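*Asks:* Just dropping this structure here.
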Amino acid sequence: MSEAARASRLARPAGTPPTIATAGDVDPAPLRAAGWRLRGVLSNLPYADRADATTYADPDELLADDRLDAVAVDGEDRELARLLPALRGSGLLLLLPTAAPQDPELVRAARAVPDAAEACVGLLRRWEPWTRTVVAALPLAGGPPVQLTVRGWPRGRQAAAELVDLVAAWCGEVVAVVAAPAALPADELPGGAAVAWALLTESGATALVSHEGGPEQVRLSFATARLEAAPAGVRWEGGAELPLLRPSGQPPPLPGVDPGLVATAAALTVAVGGGDVPTGQWPWAADLGDLLVVARVLEALRTSARTETLVPVA
Numbered sequence: 004m005s006e007a008a009r010a011s012r013l014a015r016p017a018g019t020p021p022t023i024a025t026a027g028d029v030d031p032a033p034l035r036a037a038g039w040r041l042r043g044v045l046s047n048l049p050y051a052d053r054a055d056a057t058t059y060a061d062p063d064e065l066l067a068d069d070r071l072d073a074v075a076v077d078g079e080d081r082e083l084a085r086l087l088p089a090l091r092g093s094g095l096l097l098l099l100p101t102a103a104p105q106d107p108e109l110v111r112a113a114r115a116v117p118d119a120a121e122a123c124v125g126l127l128r129r130w131e132p133w134t135r136t137v138v139a140a141l142p143l144a145g146g147p148p149v150q151l152t153v154r155g156w157p158r159g160r161q162a163a164a165e166l167v168d169l170v171a172a173w174c175g176e177v178v179a180v181v182a183a184p185a186a187l188p189a190d191e192l193p194g195g196a197a198v199a200w201a202l203l204t205e206s207g208a209t210a211l212v213s214h215e216g217g218p219e220q221v222r223l224s225f226a227t228a229r230l231e232a233a234p235a236g237v238r239w240e241g242g243a244e245l246p247l248l249r250p251s252g253q254p255p256p257l258p259g260v261d262p263g264l265v266a267t268a269a270a271l272t273v274a275v276g277g278g279d280v281p282t283g284q285w286p287w288a289a290d291l292g293d294l295l296v297v298a299r300v301l302e303a304l305r306t307s308a309r310t311e312t313l314v315p316v317a
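Read left to right, the sequence shown gives residues 4 to 317 (the working numbering).
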């Protein structure tokens with residue numbers, strides 16, 4: 004690591020146009036839309052978007068570039084994920100465009116770097132209008148949820164990570180999990196959709212998750228009310244539809260670019276020169292602490308599916 008490069012990054016004055024590099028299979032379009040200037044690329048992919056950017060031969064060359072503020076890393080690439088502590092220790096801001104790596108030990112190692120710069124993680128469903136509206140409606144329910152049912156949720160690691168993140172926001176910390184073929188709190192949702200896994204939360208609520216019975220919908224049950232929510236709208240059972248909370252002051256979305264990723268990348272620009280990523284009003288950009296929560300829960304789900312038991316989240 005170049006100490007001179009690190010000192011230069013940390014001393015960069017506020018207002019300097021922010022520069023970012025990509026490492027691995029990272030689409031720079033959302034980064035550019037968020038105000039970043041692509042400085043360099045660390046990738047052997049022949050289709051990587053290099054434009055006028057520098058091509059780094061290896062990680063050391065990237066670390067030594069003192070005109071670089073941040074790096075966006077493909078956390079799915081395990082070799083690149085192992086570089087996260089060194090990247091953070093160099094004074095570079097860090098962006099993980101997806102909820103990866105999902106190995107708790109790798110995430111812990113990245114978090115443990117002392118005096119490290121800010122890091123943001125692509126947990127993107129929290130930015131969607133309907134999920135924001137659910138968070139805003141929770142205080143009106145008169146108490147915490149007692150159950151959450153989820154139907155039609157997409158399969159895959161990123162989709163599972165996104166749901167764990169939302170459950171934590173809606174119901175509190177996940178303390179235990181159980182996945183089929185283990186015995187579940189319920190085998191089916193009303194209507195017959197098979198339950199694939201369940202999350203037990205600190206509030207006492209149980210989240211039952213099905214990939215069937217679409218379209219995608221969630222129902223939060225409270226002691227005296229139910230809230231039904233989906234990307235198309237949010238309403239109290241028997242009540243009028245709630246106005247969706249949409250972001251204001253943001254540029255129009257780009258085709259094929261997730262606006263949540265643009266918002267996350269834009270939040271990281273505030274940290275150039277030593278500022279803090281904004282956290283005042285939900286949603287805010289996820290960080291490595293949020294990623295560690297997700298990684299621990301997903302690891303417990305994998306253990307539950309393998310051992311066919313209820314597994315505490317360690």
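All residues carry an ideal CB built from backbone N, CA and C; glycine is no exception. Treat the numbers as computed from the prediction; the structure is a model and nothing was measured.
Between the Cα of Val265 and the Cα atoms of Leu126, Ala103, Gly94, Asp63, which residue gives the shortest distance?
*Replies:* It is Leu126 whose Cα lies nearest to the Cα of Val265.
*Asks:* For Ala24 and Val260, I'd like the C-alpha separation in whole angstroms.
*Replies:* Approximately 18 Å between the Cα atoms of the pair.
*Asks:* For the region 110-138, which segments carrying the beta strand (DSSP E) assignment without a break, of at least 3 residues, lie completely within its bounds, in sequence order?
*Replies:* Entirely contained in the region 110-138, the beta strand (DSSP E) runs reaching 3 residues are, in chain order, 122-124.
*Asks:* Between Gly217 and Leu41, what straight-line distance do the alpha-carbon atoms span, to the nearest angstrom?
*Replies:* Whole-angstrom Cα-Cα distance: 39 Å.
*Asks:* May I ask you to report which of helix, strand or coil DSSP gives Met4?
*Replies:* Legend: pLDDT at Met4 = 46, less than 50; position of this residue unreliable, no value from coordinates given.
*Asks:* Would you call the CB atoms of Gly78 and Ala103 closer than 8 Å?
*Replies:* Result yes, Cβ atoms of Gly78 and Ala103 sit closer than 8 Å.
*Asks:* Identify, in the order they occur along the chain, each residue of the same chain with its Cβ nearer than 6 Å to the Cβ of Leu71, setting aside the five sequence neighbours on each side.
*Replies:* The answer, listed in chain order, is Thr22, Ala24, Arg42.
*Asks:* Can Val170 and Ala210 be called in contact, C-beta distance under 8 Å?
*Replies:* In this structure, Ala210 lies closer than 8 Å to Val170 by Cβ.
*Asks:* Mind checking which residues open and close the beta strand (DSSP E) that includes Thr209?
*Replies:* It spans 209-212 - the beta strand (DSSP E) in which Thr209 sits, taken as one unbroken run.
*Asks:* Per DSSP, Val76 is paired with what?
*Replies:* Per DSSP, Ala26.
*Asks:* Taking buried to mean at least 16 other C-beta atoms within 10 Å of its own C-beta, is Leu301 buried or exposed?
*Replies:* When all chains shown are included, Leu301 counts as buried.
*Asks:* Rounded to the nearest angstrom, how far is the Cβ of Arg15 from that of Gly278, given a contact under 8 Å?
*Replies:* With a Cβ gap of about 11 Å, Arg15 and Gly278 do not count as contacting.
*Asks:* Here's the rule I'm using: 16 or more other beta-carbon atoms within 10 Å means buried, otherwise exposed. How should Tyr50 be labelled?
*Replies:* With fewer than 16 Cβ atoms within 10 Å of its Cβ, Tyr50 is classed as exposed.
*Asks:* Taking the alpha carbon of Gly145 as the point to measure from, which residue in Val177, Leu230, Pro157 has its own alpha carbon closest?
*Replies:* When each option's Cα is compared against that of Gly145, the closest is Leu230.
*Asks:* In the DSSP output, what is Ala233 paired with across the bridge?
*Replies:* Answer is Gly236, bridged to Ala233.
*Asks:* Mind checking whether Ala197 and Glu215 have CB atoms under 8 Å apart?
*Replies:* Closer than 8 Å, so yes.
*Asks:* What does the Cβ neighbour count give for Gln1, buried or exposed, with the cut at 16 atoms within 10 Å?
*Replies:* In this structure the chain extends from 4 to 317, so residue 1 is not present and cannot be described.
*Asks:* Measuring straight from C-alpha to C-alpha, what distance separates Val116 and Arg91?
*Replies:* The straight-line gap from Cα to Cα measures roughly 7 Å.
*Asks:* Grab me the residues of Glu6's own chain with a C-beta within less than 7 Å of its C-beta, minus the 5 sequence neighbours each way, in chain order.
*Replies:* Excluding sequence neighbours, Glu6 sits near nothing in its chain.
*Asks:* Taking the beta carbon of Thr204 as the centre, do at least 16 other beta carbons fall within 10 Å, making it buried, or is it exposed?
*Replies:* Buried is the call here.
*Asks:* Are three or more beta carbon pairs between the region 160-179 and the region 295-313 nearer than 8 Å?
*Replies:* The region 160-179, when compared against the region 295-313, does touch it at the 8 Å Cβ threshold.
*Asks:* Please determine, among Leu257, Arg135, Asp61, the residue with the shortest C-alpha to C-alpha distance to Leu34.
*Replies:* When each option's Cα is compared against that of Leu34, the closest is Leu257.
*Asks:* Just to confirm, are Leu247 and Ala140 a CB contact at a threshold of 8 Å?
*Replies:* No.
*Asks:* To which residues of the same chain is Gly27 closer than 7 Å at the C-beta, ignoring the five residues directly before and after it?
*Replies:* Excluding residues within five positions, the ones whose Cβ falls inside 7 Å are Ser46, Val76, Asp77, Asp80, Leu83.
*Asks:* Could you name the residues of the same chain whose beta carbon sits closer than 6 Å to that of Met4, not counting the 5 residues immediately before and after it, in chain order?
*Replies:* Its pLDDT being 46, under 50, Met4 is placed unreliably by the model, and nothing is read from it.
*Asks:* Taking the alpha-carbon of Thr310 as reference, which of Val181, Val280, Glu191 has the nearest alpha-carbon?
*Replies:* The option with the nearest alpha carbon to Thr310 is Val181.
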